[in-house]
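Participant:
Numbering (this note's numbering), first residue to last: 5 to 83.
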């Protein structure tokens, strides 16, 4: 399972629920879309993508790879 959402500090974030979600194909697909692993937050990030289409495209790509995805178009509040 992944969460895909914009974040003011990190850009577009694709966060896996666990390391089991990080298959080789998933990692390659995210990297090919310009995402890089951010070990500080344990998620893939891509800068400056706060538009709904970027969220939807990333979520759709992950769904096509068989992942369950939660997504949000607005930055989630920090707790």
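Here a beta-carbon is modelled for each residue, glycine too, at the ideal position from N, C-alpha and C. Keep in mind it's a predicted model, so treat the numbers as computed, not measured.
Starting from residue 30, trace the alpha helix (DSSP H) both ways and give me its first and last residue.
Facilitator: 28-36
Participant: If distances are taken between C-alpha atoms only, which option among 15, 21, 13, 36 comes closest to residue 7?
Facilitator: Check the Cα spacing between residue 7 and each of 15, 21, 13, 36: the tightest is with 21.
Participant: From the DSSP output, in three-state form, read off residue 57 for me.
Facilitator: helix
Participant: To the nearest angstrom, how far is it from the Cα of residue 28 to the Cα of residue 35?
Facilitator: 11 angstroms
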